[in-house]
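Worksheet for the structure shown next.
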Amino acid sequence: MHPLLRFTLDLFDPPPPQAPAPGSARPRAKPSQPVVPPANHAALPASRPVPGVEFVHPQATRQVHLDGVLVAYALVRGKRRTIGMVVGPDGLGVRAPRWTTLHEIDAALQSKAQWIVRKLRETQERHAQQLQTRIEWRDGAQFPYLGGTVRLLLDPSHRFVGAGAQLDDVPLPVPEGATPPLPGAAVRLLRVALPPTASAAQIRDAVQAWLMRQALDLFAQRLAHFGPLLQVQHKRLALSSAGTRWGSARSDGSIRLNWRLMHFALPVIDYVVAHELSHLRVMNHSPQFWDTVRSVVPDYPVQRTRLKDDSVPTW
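In my numbering, the protein residues as written are 52 to 366.
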């Protein structure tokens, strides 16, 4: 690197700590003081909370005021040509070329200030919602299944060990003096072939394996239903575990569908299946594509909204 450019960078970044000379006395550490930076963009000591910061990345090294909000973010320099920003579960992460000044990074963040703050708040709300929907994997736990609710029952009898679990419809219990339920009313009970001493991880894995088997069977049925209607034929079906994507389709006929769709009611699943099959005719999201989806799922906007609004449990 050119010496002049290195000198310029040193004006913005603190120099790396120097090792003490052999035989010299080690300087006594000064007591730490709370950091309240007066500037709009300031360095943060690692792992030290700063009062007034609304969003703090666990590896935050700098902070900046964005759209009236103080944000502590993780800055990483590397071999790249542009400034990149990522808003994730931990907060805001920024990657920048080694030669980019902090003034340029600050300007880039300010240009996206509203978007960054909006995404940070959406992520924070999503995380809080996930905590509320987290499943405690134990005997009697409940989770959404095809728009209804399933309760777990650990059954060590191993009468269905080949499948790992079995879904039963059992009559709802009627408390003494209560009005009997409507005919056919039932609670779905998933009997899992595990002893009461099974760990939470064992129960979760057994239920996930059962859900994925159900997903493969159901998705294949719905693909076989909508394929002829759309005059397309998929070549391969695979399950996905993506965190934010419900499905994908490739021009070679391969379709991937997220097994967590099994938490939703069938009309929502049908919308996703039709969506991906429609991509085998139109590989974009043009008006022609949405007309194709509408031809087999007329109320697709309703199902699309439900897919976004409904809470999916955290695994």
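Built from N, CA and C at the ideal position, the CB exists for glycine as well.
Note that this is a predicted model, so its numbers are computed, not measured.
Counting only the same chain and skipping the five closest in sequence on each side, list residues whose C-beta sits under 6 Å from that of Met136.
Taking the first residue of the sequence shown as position 1, residue 136 is located at position 85. Result list for Met136: Val145, in chain order.
Rounded to the nearest angstrom, what separates Asp350 and Thr356 at their Cα positions?
On the sequence shown, position 299 is the one that residue 350 refers to. On the sequence shown, position 305 is the one that residue 356 refers to. In a straight line, the C-alpha of Asp350 is about 10 Å away from that of Thr356.
Tell me which same chain residues have a C-beta within less than 7 Å of the C-beta of Arg301, skipping the five on either side of it?
Reading the sequence shown from its first residue, position 250 is the one you call residue 301. If we look at Arg301 and ignore the five residues flanking it on each side, it has no Cβ neighbours.
Considering only the alpha carbon of each residue, which of Arg264, Thr174 and Leu240 lies closest to Pro205?
Your numbering for residue 205 matches position 154 in the sequence shown. Sequence check: residue 205 is Leu here, not Pro. For the residues Arg264, Thr174 and Leu240, the minimum Cα distance to Leu205 belongs to Leu240.
Suppose you measure from the CA of Leu218 to the CA of Thr174; what does that come to, to the nearest Å?
Taking the sequence shown and counting its residues from 1, the one referred to as residue 218 is at position 167. Taking the sequence shown and counting its residues from 1, the one referred to as residue 174 is at position 123. Distance between the alpha carbons of Leu218 and Thr174 is about 35 Å.
Measuring CA to CA, which of Gly278, Val201, Ile306 and Ser250 is closest to Leu262?
Working through the sequence shown from its first residue, we reach residue 262 at position 211. Per the Cα distances, Val201.
Could you pull out every residue in the same chain whose Cβ sits closer than 7 Å to the Cβ of Met334, ignoring the five residues on either side in sequence?
Taking the first residue of the sequence shown as 1, we reach residue 334 at position 283. The residues are Ser302.
Return the CA-CA distance between Leu197 and Asn309, expressed in angstroms with no decimal places.
Counted from its first residue, the sequence shown places residue 197 at position 146. Counted from its first residue, the sequence shown places residue 309 at position 258. Their backbone Cα atoms lie some 14 Å apart in a straight line.
Give me, in chain order, the residues of the same chain whose beta-carbon lies closer than 6 Å to that of Ser346; leave out the 5 immediate sequence neighbours on both sides.
Looking up residue 346 in the sequence shown gives position 295. Correct list: empty, nothing qualifies.
Within the segment 101-166, note down every full beta strand (DSSP E) run reaching 3 residues or more, in order along the chain.
113-117, 120-129, 135-139 and 142-148
Along the chain, where does the beta strand (DSSP E) that runs through Ile254 open and close?
Within the sequence shown, residue 254 is the residue found at index 203, counting from 1. Ile254 -> not in any beta strand (DSSP E); alpha helix (DSSP H) instead, spanning Ala251 to Leu281.
Between Val323, Ile134 and Val120, which has its C-alpha nearest Leu126's C-alpha?
As a working note, residue 126 is residue 75 in the sequence shown. Of the candidates Val323, Ile134 and Val120, the one whose C-alpha sits nearest the C-alpha of Leu126 is Ile134.
Extract the residue ranges of the alpha helix (DSSP H) inside the segment 327-351, only unbroken runs of 4 or more that lie entirely within it.
338-347
Determine the DSSP secondary structure at Ala325, reduced to helix, strand or coil.
Residue 325 sits at position 274 when you count from the first residue of the sequence shown. When DSSP states are grouped into helix, strand and coil, Ala325 belongs to the helix group.
Contact under 8 Å by Cβ, Arg132 with Pro148
For the purposes of this step, residue 132 is taken as residue 81 along the sequence shown, with counting starting at 1. For the purposes of this step, residue 148 is taken as residue 97 along the sequence shown, with counting starting at 1. It is a contact, given that the beta carbons lie within the stated cut-off.
Out of Ile254, Asp141, Ser305 and Ser162, point me to the one whose CA is closest to Val107's CA.
Counted from its first residue, the sequence shown places residue 107 at position 56. Checked all of Ile254, Asp141, Ser305 and Ser162; the closest Cα to Val107 is Asp141.
N- and C-terminal bounds of the beta strand (DSSP E) containing Gly298
Locating residue 298 in the sequence shown gives position 247, where the first residue counts as 1. Element bounds for Gly298: Gly298 to Ala300.
Where Pro195 and Lys130 are concerned, what is the direct C-alpha to C-alpha distance, given to the nearest angstrom?
Within the sequence shown, numbered from 1, the residue matching residue 195 stands at position 144. Within the sequence shown, numbered from 1, the residue matching residue 130 stands at position 79. Straight-line Cα distance between these residues: approximately 45 Å.
Is it right to say Leu280 is buried, meaning 16 or more other beta carbons lie within 10 angstroms of its own, or is it exposed?
On the sequence shown, position 229 is the one that residue 280 refers to. The residue is exposed, with fewer than 16 neighbouring Cβ atoms inside 10 Å.
For Ala123 and Trp188, believed in contact at Cβ under 8 Å, the rounded distance
Along the sequence shown, read from residue 1 onward, the residue named residue 188 stands at position 137. Along the sequence shown, read from residue 1 onward, the residue named residue 123 stands at position 72. Incorrect: roughly 34 Å between the Cβ atoms, too far for contact.
Using 8 Å as the Cβ pair cut-off and three pairs as the minimum, do the segment 269-280 and the segment 305-324 touch?
yes
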